[in-house]
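Numbering (the numbering used here), first residue to last: 182 to 411.
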């Protein structure tokens, strides 16, 4: 799931304000910090408010979830962060075509982390599994999947999210392939539409007719030759 609706203005005018951050591939050394950033950025997302209703525990539960996600992305996908010195300010996890969802072997590799996450999330584990099934079943196998994107809440609206998602675009465009993501935050739909994503398929409810709703979005492929010429 991704969030960056608060950076809508930066996306609309297609400019990025200057920040002192560097953008680098994620390493194990920064994985915990990146998970903390994603947890803080996504704590108010409607989907996660539904899955983790206790606000006192939500960020801790999300950190456990994203430590596992980022570990898998480092090994089987692509993960990048923005950073000021040693402080992680934003993070993105991207999966190339045909690498998501996780294979059985990859799930087994995460066995200890899954056990820890189940301990932390306790009664919410079943809901997390259902949410994972609902999202993974909609990911096109031929698209670059933006699995997670977030910027530290106190540092948003400065173009960091836009810089990070450009990494996904660069990878997909160079290969002439599509990019896919989903969001449960209604205001994010317009934000991603401004970047070239379009709603695709039916929205999926997490809790009956009242939502929250998973909104799948797809960015069409660009020809690699055209990208190189641009």
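Yeah, the Cβ is synthetic: ideal placement off N, Cα and C, and Gly gets one too. Model, not experiment: these values are computed from the prediction.
Boundaries of the alpha helix (DSSP H) in which residue i is found, first to last residue
i: residue 283; result: Per DSSP, residue 283 belongs to no alpha helix (DSSP H) and is neither H nor E.
i: residue 375; result: First-last for residue 375: undefined, no H or E at that position.
i: residue 227; result: 227 to 232
Extent of the continuous beta strand (DSSP E) to which residue i belongs
i: residue 204; result: 203 to 206
i: residue 399; result: 394 to 400
Assigned secondary structure, residue i (DSSP; H/G/I helix, E/B strand, else coil)
i: residue 331; result: strand
i: residue 271; result: strand
i: residue 209; result: helix
i: residue 339; result: coil
i: residue 355; result: helix
i: residue 129; result: Outside the shown range of the chain, which is 182 to 411, sits residue 129, and nothing can be said about it.
i: residue 241; result: helix
i: residue 320; result: coil
i: residue 345; result: helix
Other residues of its chain near residue i: CB distance less than 7 Å, five sequence neighbours each side excluded
i: residue 287; result: 253 and 257
i: residue 215; result: 207, 251, 262, 269 and 272
i: residue 283; result: 253
i: residue 350; result: 360
Proximal residues to residue i (C-beta, below 6 Å), its chain only, five neighbours per side dropped
i: residue 397; result: 319, 363, 381 and 382
i: residue 348; result: 261
i: residue 219; result: 247, 272, 329 and 331
Same chain only: Cβ atoms within 8 Å of residue i, ignoring 5 sequence neighbours per side
i: residue 212; result: 248, 251, 252 and 255
Problem - Contact between the stretch 372 to 379 and the stretch 249 to 263 (3+ Cβ pairs under 8 Å) - result: no
At a cut of 8 Å, does the stretch 353 to 363 reach the stretch 320 to 334 through at least three beta carbon pairs? yes
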